[in-house]
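Enquirer:
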Amino acid sequence: MNDHELDNLVSDQDSTSLVQRRPDPPVSDREHGVLFVLSGPRAGTIYPLDEPVVNLGRGPTCQVPLQDEGVSRLHARIRRTATGFVLEDAGSRNGTFCQGIRLAGPKQLEEGDRINMGATTAFRFSLQDGTEFHAIRHTLELMNHDALTDLLNRRELMERFEAELAYARRHDTPLAMLLIDIDHFKTVNDAFGHLIGDVVLREAASALTRTLRAEDVFGRYGGDEFALAVRGVEQEGVAALAERMRACIEETISGSSKRGMKITISVGVVMLAAQHADVETLIDEADKALYEAKELGRNRVVMR
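Quick note: the sequence shown uses this note's numbering, first residue 106, plus one each step.
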């Protein structure tokens, strides 16, 4: 076939018959809401609206946390209704804006609506079909969680710790920072291999999680080290929690192990005080306490 014949063949066919395309889902199938963060401290993040009520604000219990100047602790909420998604201001100081208009009451959200609050935060609301929605939720899980332990990863931990610190400062409530390290973990890897080391990390993460409250912020800080923020608990209670975590690992993992391993942890604890200017300072103090616990022989808790 020469070039002229090929041109005629292409011109005689509808281009859609040459490339099979799956049609977009009908608009009626797009019933799952998501928020795309267009600007602000968490730009690029996508939040699935998969609960009946999703709260937005600086408070640590908000499903959409916003560490932005001008955002209230509970700034706004989005409700799932029989007819779609409704945005409401929650009595914020600086207001919630949709399509550039400050909300005076509930606003039914429509595809592509832009929501603004605080100094820099902007969202775009979108409706997705089931496949798109589950893919977005899975992507968010991968972004925020450690692949091995399924705990919060370091990036997400730091974001959450910032929110916890801001809340504690604003409401003058106790906040504790804990760093937890598996003792002699390199020896475990050397003696039993990295696959067994991974099993130990997963078992430790699971065991420690069972000792915590739902509101505690816990994750993998890096390597064999975990980090935890505990709010609203005084020093005595935090010390008891840290000791419970230490005993849990010694009894649960070592006691049930058939590999002849003795697994223990060291824990460094610091309570928020006036000299702690930021999260990094808190973590540094907890790290010093952790180092002291190791110097004293490991398998112990040190509180500064």
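C-beta: ideal position from N, C-alpha, C; glycine also.
(1) Compare the beta carbon distance of K393 and S371 with 7 angstroms and say whether it is the shorter of the two.
(2) Check whether the Cβ atoms of V169 and I151 lie closer than 7 angstroms to each other.
(3) Report all residues from its chain with a CB closer than 6 angstroms to the CB of L214; omit the five preceding and five following residues, and keep chain order.
(4) Keeping to the same chain, check which residues put their C-beta closer than 7 angstroms to that of R307; ignore five residues upstream and five downstream.
(5) Taking only runs that begin and end inside the region 248 to 331, name each unbroken beta strand (DSSP E) of 3 or more residues, in chain order.
(6) Given 8 angstroms as the limit, is there contact between the region 255 to 263 and the region 156 to 165, that is, 3 or more CB pairs closer than that?
(7) Under DSSP, the alpha helix (DSSP H) around A181 begins and ends at which residues?
(8) Please list the terminal residues of the continuous alpha helix (DSSP H) segment that includes I368.
(9) Cα separation between R126 and L245?
(10) By the 10 Å Cβ neighbour count, where 16 or more other Cβ atoms means buried, how is A296 classified, buried or exposed?
(11) Within its chain, find whatever has a CB closer than 7 angstroms to the CB of E269; leave out the 5 residues flanking it on each side and keep chain order.
(12) Less than 7 angstroms separating the beta-carbons of G373 and V343?
(13) Determine, using beta carbons only, whether R325 and D234 come nearer to each other than 7 angstroms.
(14) Quick check: what's the CA-CA separation for F238 versus R351?
(15) Sorted by chain position, which residues of the same chain lie with C-beta nearer than 6 angstroms to N198's C-beta, five sequence neighbours on each side aside?
(16) Report back the beta-carbon spacing between A227 and L143 to the nearest angstrom; my notes put them in contact at under 8 angstroms.
(17) Within the region 165 to 222, note down every full alpha helix (DSSP H) run reaching 4 residues or more, in order along the chain.
(18) Quick one: grab the DSSP three-state call for G342.
(19) Verify whether the separation of the beta carbon atoms of A224 and G175 is less than 7 angstroms.
(20) Counting only C-beta atoms, is E308 closer than 7 angstroms to chain D at any point?
(21) Please classify H137: does DSSP put it in a helix, a strand, or coil?
(22) Compare the beta carbon distance of E330 and D288 with 7 angstroms and say whether it is the shorter of the two.
(23) I need the straight-line Cα distance from P146 to P153, nearest angstrom please.
(24) When you compare each of A209, H243, A273 and R185 to L232 by their alpha carbons, which one comes out closest?
(25) For L247, count the other beta carbons within 10 Å of its own beta carbon; 16 or more makes it buried, fewer makes it exposed. Which is it?
(26) Should D194 go down as buried or exposed, given a rule of 16 or more other Cβ atoms within 10 Å for buried?
Expert: On the basis of the supplied data:
(1) Taking 7 angstroms as the cut-off, the Cβ atoms of K393 and S371 do not count as close.
(2) Their beta carbons are not under 7 angstroms apart, which means V169 does not touch I151 by this criterion.
(3) Only F190, L192 and F230 meet the Cβ criterion.
(4) Once the five neighbours on either side are set aside, the close Cβ partners of R307 are L253 and T254.
(5) Listed in chain order, the complete beta strand (DSSP E) runs (minimum 3 residues) inside the region 248 to 331 are 280 to 287 and 322 to 327.
(6) Segments in contact, no.
(7) Counting along the chain, no alpha helix (DSSP H) covers A181; the unbroken beta strand (DSSP E) around it starts and ends at A181 to T186.
(8) For I368, there is no enclosing alpha helix (DSSP H), since its DSSP letter is neither H nor E.
(9) Interpretation of R126 is limited by its pLDDT of 48, a score under 50 that renders its predicted location unreliable; the figure taken from the coordinates is listed afterwards. Looking at the backbone, the Cα of R126 and that of L245 are separated by about 28 angstroms.
(10) Burial call: exposed.
(11) Cβ contact annotation for E269 (same chain, cutoff 7 angstroms, sequence separation greater than five): P165, L280, V322, A334 and R336, in chain order.
(12) No; because the gap between Cβ atoms is not below 7 angstroms, this pair is not in contact.
(13) Not in contact: R325 and D234 (Cβ atoms no closer than 7 angstroms).
(14) Each residue's Cα considered, the two are about 40 angstroms apart.
(15) Before going on, a small fix: residue 198 reads as Arg here, not Asn. These residues qualify, in order along the chain: S177.
(16) Contact flag correct, Cβ pair sits at about 4 angstroms.
(17) As for any alpha helix (DSSP H) of minimum length 4 sitting wholly inside the region 165 to 222, there is none.
(18) Helix.
(19) In this structure, G175 lies closer than 7 angstroms to A224 by Cβ.
(20) The question asks about chain D, but that chain is absent: this structure has only one protein chain.
(21) Strand at H137.
(22) Going by C-beta atoms, E330 is not nearer than 7 angstroms to D288.
(23) The alpha-carbon atoms of P146 and P153 are separated by roughly 18 angstroms.
(24) The residue from A209, H243, A273 and R185 with its alpha-carbon nearest to that of L232 is R185.
(25) It is exposed - the Cβ of L247 has fewer than 16 other Cβ atoms within 10 Å.
(26) Label assigned to D194: buried.
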